[in-house]
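> Just dropping this structure here.
Chains as they are written, first to last, in the working numbering: chain A, 1 to 313; chain B, 314 to 626.
Laid out in C-alpha cells, this is it:
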C-alpha cells in the first residue's frame with residue numbers, strides 16, 4: 001500500500017529515484033526549441049506548445065527526479081488555454097509517477113482560500129459531485145495574511161494526503177524589505193518559520209516529516225542553520241541553484257543528517273538541457289536534455305552532500 | 314480624451330456614479346439563485362452559471378458603482394472553464410464602463426511576476442503579436458517577497474494606464490501574526506505602507522493619486538489614521554463592510570478630505586441582493602437586487618461621510 005501522507009510519498013520518491021531534485025516547469029516561449037514554436041500564433045497554440053515542451057521534460061526526468069514544479073504564472077499567461085495546459089501537464093506528470101508541486105504562491109482567507117485549496121489539491125463540489133481540478137500533490141503559498149490563510153489549504157492537504165510549501169525566506173535580495181525585518185523575536189521570516197513548525201507538529205507522517213513545508217532560498221546559506229533549527233521536521237523547498245547564484249556547496253546546510261528535509265528546485269538548468277543536445281527531433285532533445293541535466297545536477301549535489309555525511313545512499 | 318492614468322480613471326468613474334463602492338464578484342455556487350444551477354453538473358456548466366450570475370450583477374451596478382472586483386479563486390475553482398468565465402466577465406464589465414480590479418493577490422519575482430503582469434493587466438507576446446489576456450484595470454498583490462515582486466507589475470501598470478492594490482493590513486484577526494509584528498520602525502504593515510508610498514510618489518495622476526494602491530481592512534479602524542498618514546496619495550481598497558464586521562461609521566477614517574483616497578469593497582452584500590427580490594426571473598432578480606443593494610450601501614456610507622465633511626457631491 002503506498003504511503004498516503006505527502007511527506008512519506010515524497011521520501012518514497014526520493015529513495016526510488018536516488019535524487020532530491022525538484023524540476024521546475026517554466027514554459028516561457030523563449031525557453032522552447034524553435035521547432036516547437038512553428039505555427040504558434042495565438043494563446044491556444046502557445047499553450048499547446050508549452051504543454052508539449054513540459055511533457056518532454058517530464059518524460060525525461062520521470063525516473064531520475066522525485067517531483068516537478070510547474071510555475072502557474074507561465075501557464076496563466078496563456079489564459080484559459082494555459083490553465084488547460086497546466087491541468088494536462090499535471091496529469092501527465094502524475095501518471096509518470098512524479099509528484100507535482102504547483103508553484104502558485106496563493107494566499108487569501110476563508111472561503112476564498114478554500115476555493116484555491118479545492119482547485120489545487122482537493123475536489124470542487126458541483127451539486128452532489130466532487131470533482132478534481134488540478135489535483136496537484138502540493139502547492140506553494142504566501143503567508144502574509146497569517147495562519148487563516150494557511151488553514152483551508154491544510155484542511156484539504158490533510159484530507160487528501162497532499163502538502164504545502166509556504167514562503168519563508170525567498171532567494172531575492174529585496175526579500176529583506178519585508179521578510180527580513182527585525183522583530184523582538186527574530187526576523188519576520190523566523191516568526192513564519194515558527195508558525196510553520198507549530199502547524200506541522202501535528203501533521204507528521206511515518207517518516208517524521210510534516211506535510212507543511214517551507215520555501216527557503218539557497219542564496220541565503222547563512223540563514224540555513226537558523227531555519228533548520230526552527231523547523232527540524234519541515235521539508236524545505238530550496239530554489240536558487242544556478243542562474244540565481246546559489247552554490248551546490250551550500251545545499252547541505254539545508255539538509256538534515258538523514259539526508260532528507262530539503263529538496264533543491266531547478267528550472268532552466270534542467271528544462272533548458274535541450275540546448276546541449278545535438279541530434280534528434282525537438283521532443284527527443286527536450287527529453288534527453290532534461291534527463292542529462294537532472295542527472296548532472298544530482299551528481300553536482302552528491303559530492304557536497306557526501307562530504308557533509310548527508311548523502312543518503 | 315479619457316484620462317489614461319488608473320487613479321484618474323477611478324476618480325472619473327467615482328464622480329460619474331457618485332459612488333465609491335467596489336462590487337466584489339465571488340461566484341460561489343451556493344451564492345447563486347437556484348434557477349441558475351439547473352443542469353449544472355460539471356466544471357464547464359458551473360463556470361457558465363457563474364459567468365451568467367456575474368453578468369447580471371454587472372448589469373445591475375454598471376451605473377451606480379465605479380468598479381467590480383472579481384475574485385480569481387472562485388473562477389479558478391472551475392479550472393480552465395473558470396478562467397474562460399473570468400475573461401468573459403472582465404470583458405463584460407469593461408464594456409459596461411466599469412473598472413475591473415482582479416482580486417488575485419499574486420506575488421512572485423522576475424520573469425514569473427512579469428508573466429502574471431502581462432496576463433492580468435498587459436499583453437502577452439506570441440511571436441510578433443502582443444495579445445491581451447485578462448486586460449483588467451488593476452490587480453491585487455501580496456508584498457511578502459518585497460519590492461522585486463511589485464516592480465514587474467508596476468512596469469506594466471505604468472505602460473498601460475493600469476493600477477495595483479497591495480495587501481497592507483488585511484481584515485482577518487490572524488493578520489497580526491505576520492503583518493502586525495513590531496519592528497524598530499513600526500509594525501510590518503506600516504513598513505509596507507512606506508514602501509508603497511515611495512513607489513507611488515513618482516506615479517501620480519493629474520488628480521494627485523498614485524496608481525499604486527493598498528488593501529486595508531475596515532475591521533481595523535484604529536490603524537486608519539496611521540495608514541492614511543503614511544500613504545496620503547494612495548487609494549485604499551477597504552474590504553470588511555458587512556459580514557466581516559466592519560462598520561460604515563468607521564469608513565470615513567480611511568477617506569481623505571477631498572472625499573477620495575479610499576473605496577469600500579463589498580461582495581455578498583451586493584451580489585446577494587437577489588434574495589430580497591420577489592418577482593421576475595432569476596437574471597432580473599440578480600440585476601435588480603445588486604442595483605438596489607449597491608444603492609443602499611452607498612446611502613449607508615453617505616451619512617457618516619457627510620458628517621465627517623467628506624461627502625464629495
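Beta carbons are placed, not taken as given, at the ideal position from N, Cα and C, and that holds for glycine. This one's a predicted model, so the numbers in the text were calculated from it and none came from an experiment.
Tell me the residue span of the beta strand (DSSP E) that contains residue 445 of chain B.
Here the beta strand (DSSP E) through residue 445 of chain B covers 442 to 445.
> Does residue 485 of chain B have its Cβ less than 8 Å from a Cβ in chain A?
Yes, residue 485 of chain B counts as interfacial toward chain A.
> Shortest alpha-carbon distance to residue 242 of chain A belongs to which of A:152, A:257, A:296?
Selected option, being the one with the closest Cα: A:296.
> Interface residues of chain A around residue 407 of chain B at Cβ under 7 Å?
Under the 7 Å cutoff, chain A gives no residues; its nearest Cβ is about 16 Å from residue 407 of chain B.
> Pull out every residue of the segment 538 to 556 of chain B whose Cβ sits closer than 8 Å to any Cβ of chain A, in chain order.
Listed by position along the chain: nothing, the set is empty.
> I'd like to check one pair, residue 412 of chain B with residue 519 of chain B: are the Cβ atoms closer than 8 Å?
No, the pair does not count as a contact, with Cβ atoms beyond the cut-off.
> Tell me the rounded alpha-carbon separation between residue 85 of chain A and residue 571 of chain B.
So the alpha carbons of these two residues sit roughly 48 Å apart.
> Quick check: is the beta carbon of residue 129 of chain A nearer than 8 Å to any beta carbon in chain B?
For residue 129 of chain A, the answer is yes, since a Cβ of chain B falls inside 8 Å of its Cβ.
> Using the three-state DSSP reduction, which class does residue 64 of chain A fall into: helix, strand or coil?
In this structure, residue 64 of chain A counts as coil in the three-state DSSP scheme.
> Which residue from A:228, A:75, A:204, A:183 puts its Cα closest to that of residue 215 of chain A?
The option with the nearest alpha carbon to residue 215 of chain A is A:228.
> Out of curiosity, what's the CA-to-CA distance linking residue 616 of chain B and residue 543 of chain B?
In a straight line, the C-alpha of residue 616 of chain B is about 26 Å away from that of residue 543 of chain B.
> Any contact of the segment 189 to 199 of chain A with the segment 153 to 170 of chain A, i.e. 3+ C-beta pairs under 8 Å?
Result yes; three or more Cβ-Cβ pairs closer than 8 Å.
> Per DSSP, residue 22 of chain A is paired with what?
In the DSSP output, where bridge partners are listed per residue, residue 22 of chain A has A:67, A:265.
> Where residue 456 of chain B and residue 538 of chain B are concerned, what is the direct C-alpha to C-alpha distance, given to the nearest angstrom?
Residue 456 of chain B and residue 538 of chain B: Cα-Cα distance of roughly 21 Å.
> Are any of the Cβ atoms in chain B nearer than 8 Å to that of residue 152 of chain A?
No - not a single Cβ of chain B is within 8 Å of the one on residue 152 of chain A.
> For residue 387 of chain B, decide whether its Cβ has a neighbour in chain A, counting only Cβ atoms nearer than 8 Å.
Interface residue, yes.
> Comparing C-alpha positions only, which one of A:283, A:145, A:50 sits nearest to residue 105 of chain A?
Looking at the Cα atoms, A:145 is the closest of the given residues.
> Within 8 Å of any Cβ in chain B, is that where the Cβ of residue 220 of chain A sits?
So, not an interface residue.
> Could you name the residues of the same chain whose beta carbon sits closer than 6 Å to that of residue 536 of chain B, not counting the 5 residues immediately before and after it, in chain order?
Around residue 536 of chain B: 482.
> Determine the chain A residues that contact residue 397 of chain B at a beta-carbon separation under 7 Å, and present them in chain order.
Chain A residues near residue 397 of chain B: 80.
> Residue 100 of chain A lies in the alpha helix (DSSP H); which residues open and close that run?
Taken as a continuous stretch (DSSP letters only), residue 100 of chain A belongs to no alpha helix (DSSP H), being part of the beta strand (DSSP E) at 99 to 106.
> Bridge partners of residue 187 of chain A, per DSSP?
According to DSSP, residue 187 of chain A bridges with A:182.
> From the DSSP output, which residues share a beta bridge with residue 309 of chain A?
In DSSP, residue 309 of chain A forms no bridge with anything.
> Are the CB atoms of residue 67 of chain A and residue 210 of chain A within a distance shorter than 8 Å?
No, they are not a contact pair.
> With DSSP as the reference, please indicate the residues paired to residue 126 of chain A in a beta bridge.
Beta-bridge pairing links residue 126 of chain A to A:129.
> What residue from B:592, B:614, B:406, B:426 has the CA that sits closest to residue 578 of chain B's CA?
Checked all of B:592, B:614, B:406, B:426; the closest Cα to residue 578 of chain B is B:614.
> Which residues bound the beta strand (DSSP E) around residue 478 of chain B?
Run containing residue 478 of chain B: 476 to 482, per the beta strand (DSSP E) assignment.
> Return the chain-ordered list of same chain residues with a C-beta closer than 6 Å to the C-beta of residue 78 of chain A, the five sequence neighbours on each side being excluded.
So the list reads 43, 46, 47, once near-sequence residues are dropped.
> Is residue 401 of chain B helix, strand or coil by DSSP?
Three-state DSSP puts residue 401 of chain B in a helix.
> Who are the neighbours of residue 489 of chain B on chain A, taking C-beta pairs under 9 Å?
Those within 9 Å of residue 489 of chain B in chain A are 146.
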